[in-house]
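**Q** Numbering (my numbering), first residue to last: 71 to 206.
From the three backbone atoms N, C-alpha and C, an ideal C-beta is built for every residue, glycine too.
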Amino acid sequence: GGSGGGKPANREEMDLEEERKKAKAQLIERTFQNLQLVSAEKQILEDEKAAVLLECEQRGLRISELEGRLGQLQEAHEALQRQATRLAEERPRLIAMRDRAEQRMEIFKEQSEIDNNQRRQLEGSNAYLKESMERS
């Protein structure tokens, strides 16, 4: 019975070999598909990373810009504070100057009123003298 059993065994081996080849082909196919998926995912992540890095760079520039602006505002603020301090120190002197100027204006107005009254009196006296002279 030895030679009778040889052929089916041979046929079985051929079937097994065929199955192995199919399985290997499927494995290669699945591996290739997985590789494509992984490559695609890797590309997506690299693109995301590039986008995040770009955003970080832009934010970094924006931060630098804002820090520069903040520095300018800080300087302006300090300058205004110094000016306010100077003005606060000068205020009493400025108020005194204003008060003196107002007093001078008052004196000037009073003087003008006196001058106007004197002028009217003089004009009145002149008119009186003229009339007296014309009458005589």
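#1: If you reduce the DSSP assignment to three classes, tell me which class SER206 lands in.
#2: Between the alpha carbons of ILE184 and MET167, how many angstroms are there, rounded?
#3: How many angstroms separate the CA atom of ARG190 from the CA atom of GLU201?
**A** The short version:
#1: For the purposes of this step, residue 206 is taken as residue 136 along the sequence shown, with counting starting at 1. Correct three-state label for SER206: coil.
#2: By one-based count along the sequence shown, residue 184 stands at place 114. By one-based count along the sequence shown, residue 167 stands at place 97. So the two alpha carbons sit approximately 25 angstroms from each other.
#3: Stepping through the sequence shown from its first residue, residue 190 is reached at position 120. Stepping through the sequence shown from its first residue, residue 201 is reached at position 131. Take the alpha-carbon of ARG190 and the one of GLU201: they are about 16 angstroms apart.
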